[in-house]
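For the sequence shown, counting from 1, position 203 maps to 578 in the working numbering; every step adds exactly one.
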Amino acid sequence: MDALILLGSFIALILIGMPVAYALGLSALIGAWWIDIPFQALMIQVAGGVNKFSLLAIPFFVLAGAIMAEGGMSRRLVAFAGVLVGFVRGGLSLVNIMASTFFGAISGSSVADTASVGSVLIPEMERRGYPRAFSTAVTVSGSVQALLTPPSHNSVLYSLAAGGTVSIASLFMAGVVPGLLMSACLMVLCLIFARKRNYPKGEVIPLKQALKICGEAMWGLMAMVIILGGILSGIFTATESAAIAVLWSFFVTMFIYRDYKWRELPKLMHRTVRTISIVMILIGFAASFGYIMTLMQIPAKITTMFLTLSDNRYVILMCINVMLLLLGTVMDMAPLILILTPILMPVILGIGVDPVQFGMIMLVNLGIGLITPPVGAVLFVGSAVGKVSIESTVKALLPFYGVLFLVLMAVTYIPAISLWLPHLVL
């Protein structure tokens with residue numbers, strides 16, 4: 376009955392249109408009233424939920440990504456990817472995927488990735504003879520890997536939701552191979568389509584121009600080297616690397632590229648603060664919701680339910696995958712990470728799955744949800760940028776869903792894909 380009151384009130388509030396953050400807070404209040412817990416205890420959990428040093432990584436990485444996205448970085452990364460793969464048949468679709476890989480490793484945001492890379496490449500791909508729906512599908516699917524590769528904001532959220540038992544540095548390292556695997560698989564699919572549909576070849580860029588393009592792009596790509604190199608060498612922590620990323624992105628944007636006007640900075644800061652305010656409210660209310668769930672022993676009951684279904688870890692993982700895929704289509708990623716991680720952590724520990732690997736499983740699952748209707752935020756952004764209907768984009772995305780599902784299965788059932796690099800370097 377306790378679980379019905381808490382989860383039922385949350386679902387009811389979502390269905391009437393209340394924002395997820397406020398639905399979490401209000402349902403936590405209802406749950407506290409039901410089990411006779413003082414509201415003051417709930418407020419302490421809200422304050423404690425956002426009073427964590429590791430959370431500083433989120434606003435810093437969001438700000439760094441915003442500065443890079445609006446400061447000309449995406450255009451230079453697209454040009455750099457064009458030097459590397461733009462000359463093959465269907466090369467512009469490969470450029471799209473590769474540019475998303477580079478930019479995602481700087482911004483850590485699929486939405487920023489889709490908006491920045493898509494605004495440059497979707498019109499250009501259409502001009503070269505690619506269908507606009509296909510171009511949008513390539514952009515949208517390619518941006519999913521930004522959720523895996525460092526500096527992923529969602530890895531920070533997962534570490535927080537796991538109670539700090541999983542280090543952010545381990546999650547950053549764990550996301551590198553799955554992210555590259557996803558990009559490689561999508562590029563293979565694009566090559567198959569290019570050969571089958573006879574998409575155009577690009578032109579080989581002259582050496583002098585190619586060197587200039589590479590030189591300009593290297594300033595932005597150095598952000599990846601600074602973040603990962605600093606963490607691996609022990610010079611600074613994952614949280615401190617976020618602050619370094621802001622300083623570097625500001626320096627490159629304002630003093631090297633100089634495409635962004637100083638008078639625009641206050642507006643960018645305002646947008647970033649609004650975004651972070653929403654995230655922090657969500658984190659605080661999710662902490663109170665998780666506290667009530669723990670008191671009601673909901674995670675333990677769900678663990679028992681999963682273990683009752685089967686004692687086979689592979690079957691349980693498939694059931695979890697199905698659940699995450701379904702939930703990812705109807706809710707945004709951040710609240711699902713904060714709600715489901717405390718619930719599912721005892722389950723995956725009980726069947727012997729490494730929490731770092733499970734973090735990658737969750738991110739891939741919910742990343743697919745971001746490009747799936749009816750509530751796919753990245754899908755909506757991509758369709759808006761590409762000026763294509765949701766229906767056309769989803770139709771073009773069907774083969775890409777298949778590839779992403781294969782990557783999900785690989786990440787789920789081959790632990791080394793996620794764990795090899797963290798074990799090697801940390």
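A virtual CB, placed ideally from N, CA and C, is assigned to each residue, including glycine.
*Which residues mark the beginning and the end of the alpha helix (DSSP H) in which Y632 is found?*
The residue labelled residue 632 in the question sits at position 257 within the sequence shown. Y632 -> no alpha helix (DSSP H), and no H or E assigned at all.
*Burial state of N740 (16 or more Cβ within 10 Å)*: Taking the first residue of the sequence shown as position 1, residue 740 is located at position 365. Counting Cβ neighbours within 10 Å, N740 comes out buried, since at least 16 surround it.
*Would you say the region 545-554 touches the region 784-793, given that touching needs at least three Cβ pairs under 8 Å?*
yes
*Please list the segments of the alpha helix (DSSP H) lying wholly inside the region 483-571, counting only runs of 4 or more residues, in order along the chain.*
If only uninterrupted alpha helix (DSSP H) runs of at least 4 residues are considered, those enclosed by the region 483-571 are 485-502, 507-517, 528-536 and 543-549.
*Could you tell me the distance, in whole angstroms, from the CA atom of F455 to the CA atom of I410?*
Along the sequence shown, read from residue 1 onward, the residue named residue 455 stands at position 80. Along the sequence shown, read from residue 1 onward, the residue named residue 410 stands at position 35. Cα-Cα distance, rounded: 58 Å.
*asked:* Looking at the secondary structure, which residues open and close the alpha helix (DSSP H) in which G465 lies?
replied: Indexing the sequence shown from 1 puts residue 465 at position 90. It is not in any alpha helix (DSSP H) - G465 carries neither H nor E in the DSSP assignment.
*Rounded to whole angstroms, what's the CA-CA distance from A439 to G465? Just pull it up for me.*
The residue labelled residue 439 in the question sits at position 64 within the sequence shown. The residue labelled residue 465 in the question sits at position 90 within the sequence shown. Each residue's Cα considered, the two are about 32 Å apart.
_By the DSSP assignment, the alpha helix (DSSP H) with V697 in it spans what residues?_
Residue 697 sits at position 322 when you count from the first residue of the sequence shown. Element bounds for V697: R688 to G703.
*asked:* Rounded to the nearest angstrom, what separates G744 and I765 at their Cα positions?
replied: Looking up residue 744 in the sequence shown gives position 369. Looking up residue 765 in the sequence shown gives position 390. In a straight line, the C-alpha of G744 is about 14 Å away from that of I765.
*In chain order, what residues of the same chain lie with their CB nearer than 6 Å to the CB of F681, ignoring the 5 residues before and after it?*
For this step, residue 681 is matched to residue 306 along the sequence shown. I691 and V722.
*asked:* Quick check: the region 376-384 against the region 634-650, are at least 3 beta-carbon pairs closer than 8 Å?
replied: The region 634-650 is not in contact with the region 376-384.
*Which residues bound the alpha helix (DSSP H) around P730?*
Start at 1 with the first residue of the sequence shown, and residue 730 comes out as number 355. That run of the alpha helix (DSSP H) goes P730 to L745.
_Which same chain residues end up closer than 8 Å to M473 when comparing Cβ atoms and leaving out the 5 residues on each side of it in sequence?_
Taking the sequence shown and counting its residues from 1, one reaches residue 473 at position 98. A456, L459, V460, S558 and M562.
*Residues bridged to K576 [DSSP beta-bridge criterion]*: For this step, residue 576 is matched to residue 201 along the sequence shown. Beta-bridge pairing links K576 to R464.
_Contacts around D729, its chain only, beta-carbon distance under 7 Å, and the 5 residues preceding and following it disregarded_ = Position 354 of the sequence shown, counted from the first residue, corresponds to residue 729. Only P790 and L794 meet the Cβ criterion.
*Using a Cβ-Cβ cut-off of 7 Å (strictly less than) and excluding sequence neighbours within five positions of S516, which residues of its own chain qualify?*
Taking the first residue of the sequence shown as position 1, residue 516 is located at position 141. Only L561, I746, L772, F775 and L779 meet the Cβ criterion.
*Answer yes or no: do S624 and A598 have a C-beta to C-beta separation smaller than 8 Å?*
If you number the sequence shown from 1, residue 624 lands on position 249. If you number the sequence shown from 1, residue 598 lands on position 223. For S624 and A598, yes; Cβs fall inside 8 Å.
*Evaluate G423 with the Cβ neighbour count: other Cβ atoms within 10 Å of its Cβ, from every protein chain shown; 16 or more gives buried, anything less gives exposed.*
The count along the sequence shown starts at 1 and reaches residue 423 at position 48. Exposed: under 16 other Cβ atoms inside 10 Å.
*asked:* Taking the beta carbon of A398 as the centre, do at least 16 other beta carbons fall within 10 Å, making it buried, or is it exposed?
replied: The residue labelled residue 398 in the question sits at position 23 within the sequence shown. So A398 ends up on the buried side.
*Just the C-alpha distance for M629 and F568, rounded to the nearest angstrom, thanks.*
Within the sequence shown, numbered from 1, the residue matching residue 629 stands at position 254. Within the sequence shown, numbered from 1, the residue matching residue 568 stands at position 193. C-alpha separation (whole angstroms): 40 Å.
*Would you kindly report the start and end of the unbroken alpha helix (DSSP H) that includes E639?*
The residue you call residue 639 lines up with position 264 of the sequence shown. It is not in any alpha helix (DSSP H) - E639 carries neither H nor E in the DSSP assignment.
*Cβ of I606 within 8 Å of Cβ of A617?*
Taking the sequence shown and counting its residues from 1, the one referred to as residue 606 is at position 231. Taking the sequence shown and counting its residues from 1, the one referred to as residue 617 is at position 242. For I606 and A617, no; Cβs fall outside 8 Å.
*Have a look at L643, L657 and G577 and flag the residue whose alpha-carbon is nearest the alpha-carbon of V822.*
Any question about residue 822 goes unanswered here, given that the chain covers just 376 to 801.
*Give every residue of the same chain whose Cβ lies closer than 7 Å to the Cβ of T678, excluding the five residues on either side of it in the sequence, and list them in chain order.*
Translated into positions along the sequence shown, residue 678 becomes position 303. If we look at T678 and ignore the five residues flanking it on each side, its Cβ neighbours are P721, V722 and G725.
*Give a yes or no on whether the C-beta atoms belonging to S663 and S534 are separated by under 8 Å.*
Position 288 of the sequence shown, counting from 1, holds the residue named residue 663. Position 159 of the sequence shown, counting from 1, holds the residue named residue 534. Not a contact, by the Cβ cut-off of 8 Å.
*So G761 packs on S510, CB below 8 Å; how close in whole Å?*
Your numbering for residue 761 matches position 386 in the sequence shown. Your numbering for residue 510 matches position 135 in the sequence shown. Indeed, because the Cβ distance is near 6 Å, the residues count as touching under 8 Å.
*Determine the DSSP secondary structure at D377, reduced to helix, strand or coil.*
The residue labelled residue 377 in the question sits at position 2 within the sequence shown. If DSSP states are grouped into helix, strand and coil, D377 belongs with the helices.
*By Cβ distance, which residues of its chain are closer than 6 Å to G659, with the 5 residues on each side in sequence left out?*
Here residue 659 refers to the residue found at position 284 of the sequence shown. V421, G424 and V425.
*Boundaries of the alpha helix (DSSP H) in which A793 is found, first to last residue*: Here the question's residue 793 lines up with position 418 in the sequence shown. Correcting the residue identity first, residue 793 is Ser in this sequence and not Ala. Looking at the DSSP string, the run of the alpha helix (DSSP H) that includes S793 is A791 to V800.
*asked:* So, at 6 Å on beta carbons, what are the nonlocal neighbours of R688 in its own chain, with the 5 sequence-adjacent residues on each side left out?
replied: Mapped onto the sequence shown, residue 688 falls at position 313. Hits under 6 Å: I726.
*Using only alpha-carbon positions, find the residue among A396, M376, D377 and L640 that is nearest to M706.*
Working through the sequence shown from its first residue, we reach residue 706 at position 331. For M706, the nearest C-alpha among the options comes from A396.
*Figure out for me which residue from G539, A487 and N529 has the closest Cα to the Cα of T514.*
Residue numbering aside, residue 514 sits at position 139 when the sequence shown is read from its first letter. Looking at the Cα atoms, A487 is the closest of the given residues.
*Could you round the C-beta distance between L417 and L404 to whole angstroms and report it? I think they count as a contact, below 8 Å.*
The sequence position of residue 417 within the sequence shown is 42, counting from 1. The sequence position of residue 404 within the sequence shown is 29, counting from 1. Their Cβ separation, rounded to whole angstroms, is 7 Å, which keeps L417 and L404 in contact under 8 Å.
*Taking 8 Å as the cut-off, decide whether the C-beta atoms of M668 and P717 are in contact.*
As a position in the sequence shown, residue 668 is number 293, starting the count at 1. As a position in the sequence shown, residue 717 is number 342, starting the count at 1. In this structure, P717 lies closer than 8 Å to M668 by Cβ.
*Would you mind reading off the limits of the alpha helix (DSSP H) that contains L779?*
Here residue 779 refers to the residue found at position 404 when the sequence shown is read from its first residue. Taken as a continuous stretch (DSSP letters only), the alpha helix (DSSP H) holding L779 covers I765 to Y788.
*asked:* Residues in the same chain with beta-carbon distance under 8 Å from C589, minus the five sequence neighbours each way, listed in chain order, please.
replied: The residue labelled residue 589 in the question sits at position 214 within the sequence shown. So the list reads F455 and V458, once near-sequence residues are dropped.
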